[in-house]
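**Q** This is the structure I want to talk about, given as structure tokens.
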Amino acid sequence: MSENLGDLYQVKEKMYVATDCIIFGFQNGKLKLLVFKRKVSPLEGEWSLIGSFVRLDEDLEVAGKRVLKESTGLENVYMQQLRTYGKKDRDPGYRCISVAQYALIRINEYDEELVEEHGAKWFEIDQLPLLILDHNQMVHDALLQLKQNARYRPIGFELLPEKFTIPQLQALYEAIYRRELDPRNFRKKVLSLNVLEKLDEKDRSGSKRGAFLYKFNNDNYRDLLESGYNFEIA
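Oh and the sequence shown: position 159 is 158 in numbering that gives the first Met the number 0, straight run, nothing missing.
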């Protein structure tokens, strides 16, 4: 006698689905990660990525956006699904698989009070504390994917303010690639792509002479793609 599918669902052990968010920011030439003090047991008080169980009435993508908004107040930011983590013993509390997503945010735009309420802190990538469960592995994997994607897509601009200097842009890509770039070659390359719009404004924080500000031009980027030319900034 064949088993009824509904009966099979009844006897299955419960397993939870969560989403964890790797939130990257960029400040003072450093790539940073926002981590949180875990407020529930097990592992209460330890450093953790921010996450949540996926609700029955929401898609994975929606769950990630909800977690980001609840923790930073931000909406409509760049998010990318990373991968699923499902080792049977990854969580000491219960059987749980987690779908990790990473977000790129502008540090000057998030809700500071909301972040403080969650007990969160920014850490430079090279100075991360030990995180719970497999969260350090998630961060490692996200950094690799960020490095790969930033090479061929203009996602790095999501970490910069709307107006930026070319030295600031170079510092960002050096932080992502974790290596120094030649200033002259970088400037020549990025300007040759014709995706930056030069503004009649200067940033004078570094010197009296100042450096011209630029902003990313989406229309020119689309034209670049349609022409068959790859975006490769460094």
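From the three backbone atoms N, C-alpha and C, an ideal C-beta is built for every residue, glycine too.
Note that the structure is predicted; figures quoted are calculated from it, not measured.
Is the beta carbon of Ala-102 sitting closer than 7 Å to the one on Val-138?
**A** What you label residue 102 is simply residue 103 of the sequence shown in a count that begins at 1. What you label residue 138 is simply residue 139 of the sequence shown in a count that begins at 1. Not a contact, by the Cβ cut-off of 7 Å.
**Q** Just checking my contact of Ala-141 with Ile-21 at CB under 8 Å: how many whole Å lie between their CB atoms?
**A** The count along the sequence shown starts at 1 and reaches residue 141 at position 142. The count along the sequence shown starts at 1 and reaches residue 21 at position 22. Ala-141 to Ile-21, Cβ: 4 Å. Contact.
**Q** Helix or strand or just coil, what does DSSP make of Met-0?
**A** As a working mapping, residue 0 is identified with position 1 in the sequence shown. Interpretation of Met-0 is limited by its pLDDT of 44, a score under 50 that renders its predicted location unreliable; the figure taken from the coordinates is listed afterwards. Three-state DSSP puts Met-0 in coil, outside helix and strand.
**Q** Does Gly-155 pass the burial test, meaning 16 or more other C-beta atoms within 10 Å, or should it be called exposed?
**A** Locating residue 155 in the sequence shown gives position 156, counting from the first residue. It counts as buried.
**Q** Within the chosen definition, does the stretch 78-88 reach the stretch 36-54 through at least 3 CB pairs nearer than 8 Å?
**A** no
**Q** Going by beta carbon distance, what residues of the same chain come within less than 7 Å of Glu-161, once the five residues before and after it are set aside?
**A** The sequence position of residue 161 within the sequence shown is 162, counting from 1. Taken in chain order, the residues that qualify are Lys-214.
**Q** Do the stretch 123-135 and the stretch 34-48 touch if we need at least three Cβ pairs shorter than 8 Å?
**A** yes
**Q** Hey, which unbroken runs of the beta strand (DSSP E) at 3 residues or more fall wholly within the stretch 107-163?
**A** 119-123
**Q** Using the Cβ count rule (16 or more neighbours within 10 Å means buried), how would you classify Leu-171?
**A** Against the sequence shown, residue 171 aligns to sequence position 172. Per the 10 Å Cβ criterion, buried.
**Q** Hey, would you say Asn-229 sits closer than 7 Å to Val-194, going by beta carbons?
**A** The residue labelled residue 229 in the question sits at position 230 within the sequence shown. The residue labelled residue 194 in the question sits at position 195 within the sequence shown. If you check the CB distance, Asn-229 and Val-194 do not come in under 7 Å.
**Q** Among Glu-196, Leu-192 and Gln-167, which one has its Cα closest to the Cα of Pro-182?
**A** For the purposes of this step, residue 182 is identified with residue 183 of the sequence shown, where counting begins at 1. Selection Glu-196, Leu-192 and Gln-167 evaluated against Pro-182 yields Gln-167 as nearest (Cα-Cα).
**Q** Compute the Euclidean distance between the alpha carbons of Gln-80 and Glu-196, then round it to the nearest angstrom.
**A** The sequence position of residue 80 within the sequence shown is 81, counting from 1. The sequence position of residue 196 within the sequence shown is 197, counting from 1. Cα-Cα distance, rounded: 30 Å.
**Q** What does DSSP give as the partner residues of Arg-82 in its beta bridges?
**A** One-based indexing of the sequence shown puts residue 82 at position 83. Answer is Ala-99, bridged to Arg-82.
**Q** Say the cut is 6 Å; is the CB of Leu-73 nearer than that to a heavy atom of the ligand NAP?
**A** As for the ligand NAP, it is missing from this structure, which has no ligand bound.
**Q** How many angstroms separate the CA atom of Glu-200 from the CA atom of Gly-209?
**A** Position 201 of the sequence shown, counted from the first residue, corresponds to residue 200. Position 210 of the sequence shown, counted from the first residue, corresponds to residue 209. Looking at the two C-alpha atoms, the distance is approximately 9 Å.
**Q** Closer than 8 Å is the cut-off here; do at least three beta carbon pairs connect the stretch 94-109 with the stretch 19-37?
**A** Yes, they touch.
**Q** Under a Cβ-count criterion, where at least 16 other Cβ atoms within 10 Å of its own Cβ denotes burial, should Met-78 be classed as buried or exposed?
**A** Position 79 of the sequence shown, counted from the start, is the residue given in the question as residue 78. By the neighbour-count rule (16 or more Cβ atoms within 10 Å), Met-78 is buried.
**Q** Closest to Tyr-176 by C-alpha separation, out of Gln-144, Leu-223, Ser-206 and Leu-42, would be which residue?
**A** By 1-based counting over the sequence shown, the position of residue 176 is 177. Ranking the options by Cα distance to Tyr-176, first place goes to Gln-144.
**Q** Measuring straight from C-alpha to C-alpha, what distance separates Thr-18 and Ser-206?
**A** Here residue 18 refers to the residue found at position 19 of the sequence shown. Here residue 206 refers to the residue found at position 207 of the sequence shown. C-alpha separation (whole angstroms): 44 Å.
**Q** Taking the C-alpha atoms as reference points, what is the distance between Met-14 and Ser-97?
**A** As a position in the sequence shown, residue 14 is number 15, starting the count at 1. As a position in the sequence shown, residue 97 is number 98, starting the count at 1. The straight-line gap from Cα to Cα measures roughly 11 Å.
**Q** Give me the residue from Leu-180, Ser-70 and Glu-43 with the minimum Cα distance to Glu-111.
**A** If you number the sequence shown from 1, residue 111 lands on position 112. The residue with the shortest Cα to Cα distance from Glu-111 is Ser-70.
**Q** Please check the pair Leu-223 and Leu-212, which I expect to be a contact at CB under 8 Å, by giving their CB distance rounded to whole angstroms.
**A** For this step, residue 223 is matched to residue 224 along the sequence shown. For this step, residue 212 is matched to residue 213 along the sequence shown. Not quite, the Cβ-Cβ distance comes to about 21 Å (not below 8 Å), so this is no contact.
**Q** Which value, in whole angstroms, describes the spacing of the CA atoms of Thr-164 and Asp-202?
**A** Position 165 of the sequence shown, counted from the first residue, corresponds to residue 164. Position 203 of the sequence shown, counted from the first residue, corresponds to residue 202. Near 7 Å, if we compare the C-alpha coordinates of Asp-202 and Thr-164.
**Q** Determine whether the beta carbon atoms of Gly-118 and Lys-36 lie at a separation below 7 Å.
**A** Your numbering for residue 118 matches position 119 in the sequence shown. Your numbering for residue 36 matches position 37 in the sequence shown. Yes, they are a contact pair.
**Q** Hey, would you say Leu-73 sits closer than 7 Å to Leu-67, going by beta carbons?
**A** To locate residue 73, count along the sequence shown from 1; it is residue 74. To locate residue 67, count along the sequence shown from 1; it is residue 68. Against a cut-off of 7 Å, the Cβ pair of Leu-67 and Leu-73 comes out as a contact.
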